[in-house]
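Which chain is which? The protein sequence lines are A and B, in order.
Residues in the first sequence are numbered from 1 upward in steps of one, following the numbering used here.
Residues in the second sequence are numbered from 1001 upward in steps of one, following the numbering used here.
A short write-up of the structure that comes next.
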Amino acid sequence: MTAQLPQNPAPGLPVQDVPAAAVSATLVAPAAPAIELINAARWYGNVVAVNDLSFSLGAGVTGLLGPNGAGKTTLLHMLAGFLAPSAGTVHVLGRSPNRDPGVYRQIGLVPEREAVYPFLTGFEYVRFNARLQGMPNSDQAAKDAIHRVGLEDAMDRPIGTYSKGMRQRAKVAGALVHDPQVLLLDEPFNGMDPRQRLAMMDLLGQMAAAGRTILFSSHILEEVERVGNDILVMVAGRLAASGDYRAIRALMTDRPHTITIRSSDNRRLGWALMADPTVFGVELGSDNLTVKTAHLSAFRVLIAGASRSAGVRLFEVISGDESLESVFDYLVRR
Amino acid sequence: MMFTRSVAAVPLMGRVTLRQLLGRRRTILLVLLAAIPVLLALVFRAANDADLTGFASGVLDAVAVTLLLPIVAVLFGTAAFGAEIEDGTILYLLAKPISRWAVVAAKFTGAVGVTAVLVLVSVLVSGAVVLSPLGEQGAEATRAFLAAMLVGSTCYVAVFLTLSLFTRRALLIGLVYVLVWEGALSALLPGIANLSIRQYALGVGNAFWQMQPDEARLSPSTALPLAIILVVASLALATWKLMRFELPGGTD
């Protein structure tokens, strides 16, 4: 993975509240990426929904993050072929999805809207999707998809009687019944209980491991963190970051890493660490030591040497702000 | 492959459209509406009024063709796409490897099917009550109005279905067209007969039985081609529009 930190956002149409700088960690995609955007933009009159998006995705799961109004749904609709880009190109599996129904043989879409035909049973709905995909054994394909989302017990009930989480699972089953190469999901975990969420996350992980490209949007960072490491972060219609969130965190050198240490002698260790120029500050707590540093990888080497030379035993070293939440918070507030 | 898949998808989507359109509340309302000509026929029969022209003009034309048919057609025609666009379920059809014309064909056949069945049954039963005792003339009149209802259902649904792809106010515009254009203006301006679906329907009915000339102003040879052109053009426009169907970006 390569990483860079542009000084200014990409030039283009004016967008309000654009971050002063965008962090970019380029995803390593296979030779022919499943999803590729080049300078893609979409605007409605004077309103810019998304602007100058360039990225590519190969097999794996990628979480699409961003605050409300960031352009996540617009991006997913562009990828699903239901919004033509105003500028730039959008390719899914090497072709433009807009006005090309044939591409849906390889795309599965789970829209954000909840509505599913209430008069169909779960099985009828999933089989309907399989039949429209032209699958030869639609009954079996529907049963398999329903099994994958764990909806067997309710498959013969009308969807109108389903809970929100069950409807979501029915939608997912309908979207993956034809085993698509690319799966696009807009807030797929909405309404699911924790057990269903975990099962769905495992399912997405399995599909990614089988070589599928999965892009899902979510407001819940823990969900994204659990499903995979790769993220796309959108802020005010622009791509603020893409790639492994840990790599993105490493690029955020203007924000010190905070490390909490417990050792046999916190005071002595603090003195030893303060001598190093990469350490910004040291704070001695009642039973721990909090250190701020710009370079986490350099600090890992430093702490080992400093503790040894000071004759201090390390009990615990915790990097407290390495979470996706921390990265997301940084990118959105920047 | 795509063509075969699209052809096979039409009855599948058509069945779902039928189930969607036949929601309990809408169906009850429209069945009650369709019962009005039948009730009027029973009143006619009870009054021993064997006036063929009076019944044809006063009930079948003024009530069935002028009110029942367009109202049923506008409700089913605009709901075929409108309801799915409104709730977002249209995506389950459009995100499939099938041609857009197949989606239009399914919606069209589904909406024409329910509209035609409802209005044809209404005319058939009304005709049986009042016109069947009138012998061959009564049978001809019944056939004429059945043909008019069939042509009218097809034309109205094609137009209103297409309209619903262009505006969310298709139902309102459809009702304004029926009540203002066909109701009020056509009475004042006879020249607009060539732009009136009601006239196409009655014109085709003229092939089976001579209707009142001041009501049915077009000959069958004029009405039928105009009706066919209208349906084909509407469905082509609907397919064109559906190919360009876009979703809003959403709030996030």
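Where is the CB? At the ideal position from N, CA and C, for every residue including glycine.
This structure is a prediction, so every number in the text was calculated from the model and none was measured.
Check your understanding: Are the C-beta atoms of Arg131(A) and some chain B residue less than 8 Å apart?
Key -> The count along the first sequence starts at 1 and reaches residue 131(A) at position 131. So yes, Arg131(A) belongs to the interface.
Exercise for review: Within its chain, find whatever has a CB closer than 6 Å to the CB of Ala1223(B); leave out the 5 residues flanking it on each side and keep chain order.
Suggested key: For the purposes of this step, residue 1223(B) is taken as the residue at position 223 of the second sequence. Result list for Ala1223(B): Tyr1200, Gly1203 and Val1204, in chain order.
Exercise for review: Just the chain B side, please: which residues come within less than 8 Å of Tyr117(A) by C-beta, in chain order?
Suggested key: Against the first sequence, residue 117(A) aligns to sequence position 117. Neighbours of Tyr117(A) on chain B, chain order: Val1016, Arg1019, Gln1020, Thr1089 and Tyr1092.
Review point. What residues in its chain sit with their C-beta under 6 Å from that of Leu358(A), if we drop five residues either side in the sequence?
Key: Outside the shown range of chain A (1 to 334) lies residue 358(A), about which nothing can therefore be said.
Point to revise | Short Cβ contact (8 Å threshold) for Phe119(A) with Pro67(A) | key: Mapped onto the first sequence, residue 119(A) falls at position 119. Mapped onto the first sequence, residue 67(A) falls at position 67. No, they are not a contact pair.
Check your understanding: Among the residues of its own chain, which have a CB less than 6 Å from the CB of Val61(A), if the five just before and after it don't count?
Key -> Along the first sequence, one-based indexing puts residue 61(A) at 61. Answer for Val61(A): Leu204, Ala208, Ile214, Val227 and Gly228, listed in chain order.
**Study point:** 8 Å Cβ cutoff, Ala21(A) in contact with chain B
**Key:** As a position in the first sequence, residue 21(A) is number 21, starting the count at 1. At Ala21(A) the pLDDT is 42, less than 50, meaning the model places this residue with poor confidence; the figure from the coordinates comes in the next sentence. Not an interface residue.
Check your understanding: Can you find a CB in chain B that lies within less than 8 Å of the CB of Leu176(A)?
Key -> For the purposes of this step, residue 176(A) is taken as the residue at position 176 of the first sequence. No, because no Cβ of chain B sits closer than 8 Å to the Cβ of Leu176(A).
Point to revise | Inter-residue spacing [alpha-carbon to alpha-carbon] between Val282(A) and Ala304(A) | key: On the first sequence, residue 282(A) is found 282 positions in, with the first residue counted as 1. On the first sequence, residue 304(A) is found 304 positions in, with the first residue counted as 1. Those two C-alpha atoms are separated by around 16 Å.
Review point. What residues in the segment 1093-1120 of chain B have a beta carbon less than 8 Å from any beta carbon of chain A?
Key: Leu1093, Leu1094, Ala1095, Lys1096, Pro1097, Ile1098, Ser1099 and Arg1100
Practice item. For Val1007(B), count neighbouring Cβ atoms within 10 angstroms of its own Cβ and tell me buried if that reaches 16, exposed if not. Key: Position 7 of the second sequence, counted from the start, is the residue given in the question as residue 1007(B). Its Cβ having fewer than 16 others within 10 Å, Val1007(B) is exposed.
Practice item. Could you name each continuous alpha helix (DSSP H) segment of 4 residues or more that falls completely within the segment 214-292 of chain A, going from the start of the chain to the end? Key: 221-227, 245-251 and 266-274
Point to revise | C-alpha gap between Tyr162(A) and Arg127(A), whole angstroms | key: Mapped onto the first sequence, residue 162(A) falls at position 162. Mapped onto the first sequence, residue 127(A) falls at position 127. When rounded, the distance between both Cα atoms is 17 Å.
Review point. Apart from the five residues on each side of it in sequence, which residues of its chain come closer than 6 Å, Cβ to Cβ, to Val1059(B)?
Key: On the second sequence, position 59 is the one that residue 1059(B) refers to. Excluding residues within five positions, the ones whose Cβ falls inside 6 Å are Pro1037 and Leu1040.
Exercise for review: Taking 8 Å as the cut-off, decide whether the C-beta atoms of Ser1122(B) and Ala1073(B) are in contact.
Suggested key: Mapped onto the second sequence, residue 1122(B) falls at position 122. Mapped onto the second sequence, residue 1073(B) falls at position 73. No, Cβ-Cβ distance for Ser1122(B) and Ala1073(B) is not below 8 Å.
Review point. Would a check of beta-carbon distances place Arg1026(B) closer than 8 Å to chain A?
Key: In the second sequence, residue 1026(B) corresponds to position 26, counting from 1. Closer than 8 Å: no.
Point to revise | Proximity test, Cβ basis, 8 Å: Glu1246(B) and chain D | key: Absent from the structure: chain D. Protein chains present are A and B.
Practice item. Give the range of the beta strand (DSSP E) segment to which Val47(A) is assigned. Key: Residue mapping note: residue 47(A) aligns to position 47 of the first sequence, counting from 1. Unbroken beta strand (DSSP E) run through Val47(A): Val47 to Leu57.
Point to revise | Simplified DSSP state of Ile35(A), which is helix, strand or coil | key: Mapped onto the first sequence, residue 35(A) falls at position 35. Strand.
Exercise for review: Give the DSSP-derived three-state secondary structure of Pro1220(B) in the structure shown.
Suggested key: As a first step, residue 1220(B) must be located in the second sequence, where it is residue number 220. Note: Pro1220(B) maps to helix in three-state DSSP.
Point to revise | Interface positions of the segment 1161-1186 of chain B facing chain A (Cβ-Cβ less than 8 Å), listed along the chain | key: none
Check your understanding: Can you give the Cα-Cα distance for Thr26(A) and Gly270(A), rounded to whole angstroms?
Key -> Indexing the first sequence from 1 puts residue 26(A) at position 26. Indexing the first sequence from 1 puts residue 270(A) at position 270. Low per-residue confidence applies at Thr26(A): pLDDT is 48, beneath 50, and the placement is therefore not dependable, though the value from the model is reported in the following sentence. Rounded to the nearest angstrom, the two C-alpha atoms are 37 Å apart.
Check your understanding: Does DSSP classify Arg167(A) as helix, strand or coil?
Key -> For the purposes of this step, residue 167(A) is taken as the residue at position 167 of the first sequence. It is helical.
Check your understanding: Who does Val182(A) pair with in a DSSP beta bridge?
Key -> Here residue 182(A) is taken as the residue at index 182 of the first sequence, counted from 1. Paired residue(s): Ile107(A) and Thr213(A).
**Study point:** Sheet register partners of Glu316(A) (DSSP bridge)
**Key:** Locating residue 316(A) in the first sequence gives position 316, where the first residue counts as 1. In DSSP, Glu316(A) forms a bridge with Arg262(A).
Check your understanding: When DSSP labels each residue in this structure, what does Tyr44(A) get in the three-state scheme?
Key -> Numbered from 1 along the first sequence, position 44 holds the residue referred to as residue 44(A). In this structure, Tyr44(A) counts as strand in the three-state DSSP scheme.
Review point. Quick one: what does DSSP say Ala29(A) is sitting in, helix, strand or coil?
Key: Taking the first sequence and counting its residues from 1, one reaches residue 29(A) at position 29. Confidence at Ala29(A) is low in this model, with a pLDDT of 46, below 50, so its placement is unreliable and no value can be given for it.
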